[in-house]
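To keep things clear, I will list the structure first and then write my remarks on it.
In my numbering, the protein residues as written are 6 to 342.
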């Protein structure tokens, strides 16, 4: 009898052990058993939509010498009818400091509308707060808009970014989401009038933010990178680049479609205006046509403005470039509010 009980106990233990013993994830393509940590799952669009943005105080610091020097060189005046201030700022995202630039009217009689500015690709060497956005920020500030540009982790006076290339890329969306929530805490801004301005790769980041939030944020995009991920990365690298290996490894373990903005157009509720030059060597007009067609096809509010002869920075022949794009953008923002 005792032996029978022992045998039964052993059998039950084996069965329970089979079902409840911790298992490792096996990579069938590997030569050995591997533990695969899917650490990037938290950046897919469904996960980002569930994430609660983390707001922090936006600290206003001192003037930005590099911006002031460039204004002098380009004879850019910092005055219109009223004088606005430009200062370095910083805020926190996921516990890390991110620097940026804010332009605002120090004297105001009412709550101010805000444009969050998201620049495109930039080299880290020689980078300063407001790089890639300060000129447009000046034009908006002259019209009474508060502008806030973020530098992203790894740039200017921000904390370091992730050493994982793809995590550093995906986390930029998180940084903008946290900045958006932090902007809403500024007591003298109009929380009902928050918009975005984006250039180049910044356009893909902001498009992602519009989808994840589903909010009403009027958005102007200059030459946005609208080729979807991962093609947007693969099309810009040289042959033999190790970046391709990183993308290939990513696609072994993740569904890239869950990280591509073109699969989540239905989440967008913001009006969008895209401004694109025909002589842009980085972004193609046909990409913008495709995006506009797809968004209009599902009833979204989007407009495409083409500037003949203009380049990636919308510089081109007189009457078809930067100045015209600025006037159009400011007028468009005004009309949306």
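By construction, the Cβ of each residue, glycine as well, lies at the ideal position given by its N, Cα and C atoms. Predicted, not measured: the structure shown is a model, and the values here were computed from it.
Legend entry - Cβ-based neighbour list, residue 46, same chain, cut-off 8 Å, excluding 5 preceding and 5 following: Mapped onto the chain shown, residue 46 falls at position 41. Here residue 46 has 52, 259 as same chain residues with Cβ atoms under 8 Å from its own Cβ, once five neighbours each way along the sequence are excluded.
Inset, instruction - Using three-state DSSP, classify residue 252 as helix, strand or coil. - result: The residue given as residue 252 occupies position 247 in the chain shown. It is helical.
Legend entry - Endpoints, beta strand (DSSP E) assigned at residue 338: Counted from its first residue, the chain shown places residue 338 at position 333. Note, residue 338: premise wrong, no beta strand (DSSP E); alpha helix (DSSP H) at 327 to 341.
Legend entry - Residue span of the beta strand (DSSP E) that contains residue 152, given as start and end: To locate residue 152, count along the chain shown from 1; it is residue 147. Residue 152 -> beta strand (DSSP E) spans 151 to 155.
Legend entry - Three-state class that DSSP yields for residue 247 in the structure shown: As a working note, residue 247 is residue 242 in the chain shown. It is helical.
Legend entry - residue 117 in three-state terms, based on DSSP: Counted from its first residue, the chain shown places residue 117 at position 112. In the displayed model, residue 117 falls within a strand according to three-state DSSP.
Legend entry - Sub-9 Å separation of residue 201 and residue 179 beta-carbons: The count along the chain shown starts at 1 and reaches residue 201 at position 196. The count along the chain shown starts at 1 and reaches residue 179 at position 174. No.
Legend entry - Chain-order list of residues whose beta-carbon lies under 8 Å from that of residue 181 (same chain, five-residue window excluded): Reading the chain shown from its first residue, position 176 is the one you call residue 181. Taken in chain order, the residues that qualify are 121, 123, 155, 210, 211, 214.
Inset, instruction - Quick one: using the 10 Å Cβ neighbour count with 16 as the cut-off for buried, is residue 216 buried or exposed? - result: Looking up residue 216 in the chain shown gives position 211. It counts as buried.
Inset, instruction - Quick one: residues in its chain with C-beta nearer than 8 Å to the C-beta of residue 26, no 5 flanking neighbours on either side, listed in chain order? - result: On the chain shown, position 21 is the one that residue 26 refers to. Because the pLDDT at residue 26 is just 45, under 50, the model does not fix this residue reliably, and the value given afterwards should be weighed accordingly. Once the five neighbours on either side are set aside, residue 26 has no close Cβ partner at all.
Inset, instruction - Using the Cα positions of residue 55 and residue 338, report the straight-line distance between them to the nearest angstrom. - result: Translated into positions along the chain shown, residue 55 becomes position 50. Translated into positions along the chain shown, residue 338 becomes position 333. Those two C-alpha atoms are separated by around 29 Å.
Legend entry - Neighbourhood of residue 327 by C-beta distance below 6 Å, restricted to the same chain and skipping five residues each side: Mapped onto the chain shown, residue 327 falls at position 322. These residues qualify, in order along the chain: 319, 320.
Legend entry - As assigned by DSSP and simplified to three states, the class of residue 313: The residue labelled residue 313 in the question sits at position 308 within the chain shown. Note: residue 313 maps to coil in three-state DSSP.
Inset, instruction - With a cut-off of 8 Å on the beta carbons, I'd call residue 151 and residue 119 a contact; round off their distance for me. - result: Taking the chain shown and counting its residues from 1, one reaches residue 151 at position 146. Taking the chain shown and counting its residues from 1, one reaches residue 119 at position 114. About 5 Å separates the two Cβ atoms, so the contact holds.
Inset, instruction - Could you have a look at residue 281 and say whether DSSP puts it in helix, strand or coil? - result: Counting from 1 along the chain shown, the entry for residue 281 is found at position 276. In the structure shown, residue 281 sits in a strand (DSSP, three-state: E or B).
Inset, instruction - Just confirm the distance between the C-beta atoms of residue 59 and residue 186, as a whole number of angstroms; I'd bet it's less than 8 Å. - result: Locating residue 59 in the chain shown gives position 54, where the first residue counts as 1. Locating residue 186 in the chain shown gives position 181, where the first residue counts as 1. Taking a contact as a CB-CB distance under 8 Å, the pair residue 59 and residue 186 counts as one, their CB atoms being some 7 Å apart.
Legend entry - Distance between residue 175 and residue 233 (C-alpha atoms, nearest Å): Counting from 1 along the chain shown, the entry for residue 233 is found at position 228. Counting from 1 along the chain shown, the entry for residue 175 is found at position 170. Between residue 233 and residue 175, the C-alpha separation is close to 13 Å.
Legend entry - residue 363 - DSSP class collapsed to helix/strand/coil: Outside the shown range of the chain, which is 6 to 342, sits residue 363, and nothing can be said about it.
Legend entry - DSSP three-state assignment for residue 38, whether helix, strand or coil: Mapped onto the chain shown, residue 38 falls at position 33. With a pLDDT of only 37 at residue 38, under the threshold of 50, the placement of this residue in the model should not be trusted, and no figure is reported.
Inset, instruction - Assign residue 272 to one of three DSSP states: helix, strand, or coil. - result: Residue numbering aside, residue 272 sits at position 267 when the chain shown is read from its first letter. The answer is helix: DSSP assigns residue 272 an H, G or I state.
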